[in-house]
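Each residue of the sequence shown is one higher than the last, beginning at 1 in our numbering.
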Amino acid sequence: MIKLLKYDWKRNATVIWSATVILLLVLIGLTTVGSLRDWEVDIVINFSILVFAMSGLLAFLMVCQTFNYNIKAYSRRLLPLPTIYTIVSPIILLILVQLFIFLLFIAHLIIVQLIFVDYDEIILSTLREQNFLELISIVLSVGWATIVATIMIFFSIAISKTIEGRGGTFLGIFVCLLLFILPPYLAMIILPGFATENQSFSFFRLESINSANGAVHYNIVPFESAQLLVLLYDSLILGALLYGIVYMMKKKIKL
C-alpha cells in the first residue's frame with residue numbers, strides 16, 4: 001500500500017507542486033492588488049474561494065486520472081498488489097491534497113484578515129465559535145462525504161471500462177448520475193426523519209432555530225446515536241461499490 005501511494009505521489013508530484021506555486025502566485029497577486037486598490041474585502045474573499053474550489057476540483061480530477069491509470073496497470077499485471085490497494089491509494093492521496101488545500105485556505109483567510117484589519121472573516125469566526133467536538137464532527141463528515149463521492153466516481157470509471165468504445169463512456173456517465181441521485185432519494189424514503197429541517201449528516205446534525213426577527217440560525221449538534229443509521233446506510237452503499245469495483249477489475253475490465 002505505502003509503495004503504491006509513493007508511486008502515485010511521484011507520478012503526480014510535478015503537477016501538484018506546479019499547481020501549488022500557481023495557486024500561491026494567484027493568491028498573492030489577488031490580495032496585493034485588492035489591498036493597493038482598496039477593493040471590497042468580500043471581492044477578494046469570493047475570488048479566493050473560487051480559486052480554491054477550482055484547485056479542489058483539479059485535485060479530484062487528478063486522482064480520478066490516477067485511478068484510471070491504476071486500472072490499466074492492474075489489468076496488464078503491472079501492479080502485483082491486492083486489488084483494493086489500487087482503490088485506496090488514490091483516495092488517500094486525494095485526502096492529503098485536499099487537506100493541504102484546506103490549510104492553505106485557512107492561512108490565506110488569516111492573512112486577509114490581518115491586511116484588512118477591520119474585517120471579521122465569517123468563516124474564521126464561525127470556526128472559532130465551535131468547540132473541539134463540533135469541529136471534529138464537521139471534519140469527519142466532510143472526509144466521509146469525500147470518500148463516498150470518490151468511490152462513486154471510481155465505480156463509474158470502472159464500469160465504463162467494461163464496454164469498449166463510446167458505449168462504455170456513456171454507461172459510466174449514466175451510472176455516475178444515477179449514483180448521485182438514487183441513494184439520497186432512497187435515504188429520504190428509508191430514513192424520512194432525516195429529510196426534515198434538521199439536516200443530518202454522517203457525524204453531525206444541523207438544527208434549525210427560528211429567531212424572533214424571523215431569521216433562521218443553525219446549531220451544530222455533534223455525533224448522536226441516530227447518526228448510526230446514516231453511517232450504516234452510507235457504509236452499505238460504500239461496501240457494495242467497493243465490491244463492484246474489485247469484481248470488475250478482476251473479471252470485466254476491457255482495455
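Glycine is no exception: its CB is placed at the ideal position from the N, C-alpha and C atoms.
Keep in mind that this is a model prediction, so the values were computed, not measured.
For residue i, I'd like the list of residues in its chain whose CB is within less than 7 Å of its CB, leaving aside the five on either flank, ordered along the chain.
| i | result |
| --- | --- |
| Pro183 | Ile237 |
| His108 | Leu27 and Ser48 |
| Tyr85 | Met1 and Leu4 |
| Leu229 | Leu191 |
| Leu241 | Ile151, Met152 and Phe155 |
| Ile101 | Phe52, Ser55, Gly56 and Ala59 |
Less than 9 Å between the beta carbons of residue i and residue j, yes or no?
| i | j | result |
| --- | --- | --- |
| Leu23 | Ser55 | yes |
| Ile151 | Ile92 | no |
| Gly172 | Ser156 | yes |
| Val175 | Phe116 | no |
| Met62 | Ala158 | no |
| Phe60 | Leu104 | no |
| Lys161 | Ile71 | yes |
| Ile153 | Thr31 | no |
| Thr146 | Ile95 | yes |
| Thr20 | Lys250 | no |
Could you please give the first and the last residue of the uninterrupted alpha helix (DSSP H) stretch that includes residue i?
| i | result |
| --- | --- |
| Phe116 | Phe116 -> no alpha helix (DSSP H), and no H or E assigned at all. |
| Trp17 | Ile2 to Leu36 |
| Leu179 | Arg166 to Ile190 |
Can you list, in chain order, the residues of its chain with a C-beta nearer than 8 Å to that of residue i? Leave out the 5 residues immediately preceding and following it.
| i | result |
| --- | --- |
| Ile43 | Gly34 |
| Ala195 | With a pLDDT of only 48 at Ala195, under 50, the local geometry of the prediction cannot be trusted, and no value is derived from it. |
Let me know the secondary structure DSSP gives residue i once reduced to three states.
| i | result |
| --- | --- |
| Trp144 | helix |
| Ile49 | helix |
| Pro80 | coil |
| Thr162 | coil |
| Glu197 | With a pLDDT of only 44 at Glu197, under the threshold of 50, the placement of this residue in the model should not be trusted, and no figure is reported. |
Starting from the C-beta of residue i, find all residues in its chain whose C-beta is less than 6 Å away, skip the five residues before and the five after it, and write them out in chain order.
| i | result |
| --- | --- |
| Thr66 | Asp8 and Pro90 |
| Lys3 | none |
| Phe180 | none |
| Val97 | Ala59 |
| Thr169 | Ser160 |
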